[in-house]
Every structure is written in structure tokens, then in C-alpha cells.
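Peer 1: Under this note's numbering, the residue at position 67 of the sequence shown is numbered 67, and the numbers go up by one with no gaps. All residues carry an ideal CB built from backbone N, CA and C; glycine is no exception.
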Amino acid sequence: MKDKKFYGSTIIGEKGQVVIPKEAREDLKLKKGDKLLVFGMGEMITLMKFSNLKKFMGYLEKHLKSLKEIIKKEK
């Protein structure tokens, strides 16, 4: 994760909507109509472009052995 960046803050609107800051949309090439996956981890929310799901799954498969070791240590 070499491209870590803080994009500022946003506010949840009346209908539960959140505006993604312009600079983040530009950097991540997000555009109107893009489908996003929403993950919750504790009190953290992560968004990922649906079109990147295959790439993310490939990463998980490649690192499955080390991920299993991390999980084993957490028990």
C-alpha cells in the first residue's frame, strides 16, 4: 500500500450519503455510476471499486498462506 493518502473529511448527509472528496475521486479515477463495495472493519469503513474486485481476489489468493499464519497467531 505505497499510495497512502489522507483526503480530508466528509459529512454523512440526511439520507446517509457521503461525498467522496474531489481529489480522491480524481486520484482513484472514480466517476458517476461506478459501483463501490463497502466493507466494515470494527469502526472503519473501506470502499473499493467493484471493477477492482478480481484484482483484490488475486492479491488475497497470492498471499493466502501468510494471511492464514496471521489469523492463526490471532487466536
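1) Per the contact definition of three or more C-beta pairs closer than 8 angstroms, is the segment 26–38 in contact with the segment 47–62?
2) Short of 7 angstroms in beta carbon distance, which residues of its chain neighbour Thr46, apart from the five on each side in sequence? Order them along the chain.
3) Taking only runs of the beta strand (DSSP E) that begin and end inside the segment 30–69, which ones reach a length of at least 3 residues, in chain order?
4) If distances are taken between C-alpha atoms only, which option among Lys65, Tyr7, Glu14 comes closest to Lys22?
Peer 2: Considering the structure as presented:
1) yes
2) Phe39
3) 36–41, 44–49
4) Tyr7
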